[in-house]
Every structure is written in C-alpha cells, then in structure tokens.
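First up is the structure itself, then whatever we jot down about it.
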Amino acid sequence: MRVTGFDGADVLVRLLDGEGDAETGRIPRHEASMRRTEHPSELFEVGQELDAEEIGRWRGGRLHLSARACESPALRSFLLGFVPGQVVAGTVAAVQNFGVFVHVDGEPDGRCTGFIRVPDLTWGHIGHPSEVVEAGRPITAEVIVVDTRSGQVTLFLKRAPKARC
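In UniProt numbering, the protein residues as written are 1 to 165.
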C-alpha cells in the first residue's frame with residue numbers, strides 16, 4: 001500500500017490488488033506506530049510504501065488499518081507463531097499491582113511480550129500479584145490472546161482446581 005496523504009492525524013493509503021484495482025483506507029494516528037509522535041507525517045511521506053494489518057471496516061465499508069502491527073517484522077512473526085490455548089514458557093520480568101510482565105522464551109531482543117492480568121493469576125483472592133509470582137522466576141502459562149497491534153501476548157497462569165475427594 002502507498003501513503004496518499006493525511007486527514008488530520010490519520011494517514012490515508014491506497015491499496016492495489018493484483019488486478020490493478022485500488023481501495024482506499026486509513027490508519028488512525030494511534031495505529032501509525034508504537035513510537036509516540038506529534039503527527040504521522042513525522043513517520044510517513046506521501047508516496048511511501050508501507051505494510052499494515054487490516055483491523056476492520058468503518059462507516060461505509062471504509063478500510064481501517066494498523067501500521068504499528070507490522071512495524072517490527074521479527075516481533076510480528078514471533079507473535080503470529082502463537083495460538084490461543086498454547087502453553088508457553090517464560091520468565092517473570094516485572095510484577096506490578098495491575099499484572100505481571102513476562103519475557104516469553106524466544107521473543108525478539110529488547111521486547112517484553114507477555115502479560116498476565118491479576119484475575120488470570122490464580123483462582124483465589126490475592127492482595128498483590130507478588131503473592132503468586134516474583135521477578136526472575138520461570139513460569140509456564142497458557143496463551144489467551146495474541147495482539148500484533150500492542151505487540152503482546154495475554155497469558156493465563158491459573159491452574160485447574162484440584163478435585164476434592
């Protein structure tokens with residue numbers, strides 16, 4: 001696809017299919033890049049070719065795209081290798097009051113791709129995630145959601161409750 005212009009903070013693009021037919025779409029500012037910028041013109045120029053992922057259609061069938069989902073080919077390829085339900089190994093990178101960040105084994109350098117929400121840590125009530133995990137510890141968890149737009153895999157750590165006899 002090729003950048004055709006800007007509409008406010010959105011990037012306007014034109015896609016050509018194999019038969020030469022064109023379709024227009026837009027990339028909202030928040031979908032332009034994982035990097036923060038004042039305006040997408042800091043990242044793209046009219047006429048520039050770029051890759052983007054379709055994320056839906058808006059009013060009138062207008063194509064809605066995300067360039068941030070394709071910004072890092074290594075990260076995108078890594079994330080697309082997962083499927084919900086798959087069990088993965090990793091190491092706890094950081095424990096916060098809202099959840100746990102995990103370095104999933106094999107992730108591209110400089111990235112922290114896994115995240116576990118507090119409700120997905122354990123079946124019981126906890127005051128803080130540090131009651132269940134600690135930074136530096138290896139874990140295995142189940143993939144719930146793969147999100148190329150955020151560059152993250154949402155994980156589930158809960159184990160099935162033990163049967164009572």
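Quick reminder that beta carbons are idealized off the backbone N, C-alpha and C, glycines included.
(1) Does the distance from the C-beta atom of V88 to that of V100 stay below 9 angstroms?
(2) Could you pull the DSSP bridge partners for R117 from this structure?
(3) Just the Cα atoms here: how many angstroms apart are I126 and E49?
(4) Under the rule that 16 or more other beta-carbon atoms within 10 Å means buried, what is V46, buried or exposed?
(5) What does the alpha-carbon distance come out to for the pair V146 and G8?
(6) For T154, is the beta carbon positioned less than 8 angstroms from some heavy atom of the ligand GDP?
(7) Provide the residue(s) that pair with A94 in DSSP beta bridges, ordered along the chain.
(8) Could you check which residue in R36, R2 and F98 has the C-alpha nearest to that of R68?
Answer, in terms of the structure:
(1) Contact flag unset, no.
(2) When beta bridges are read from the DSSP output, R117 appears opposite G99.
(3) Computed Cα separation, rounded: 49 angstroms.
(4) With fewer than 16 neighbouring CB atoms inside 10 Å of its own CB, V46 falls in the exposed class.
(5) Here the alpha carbons of G8 and V146 stand approximately 30 angstroms from one another.
(6) For the structure depicted, the ligand GDP is absent and the ligand set is empty, with no information on it obtainable.
(7) Note: A94 sits in a beta bridge opposite F101.
(8) Selected option, being the one with the closest Cα: R36.
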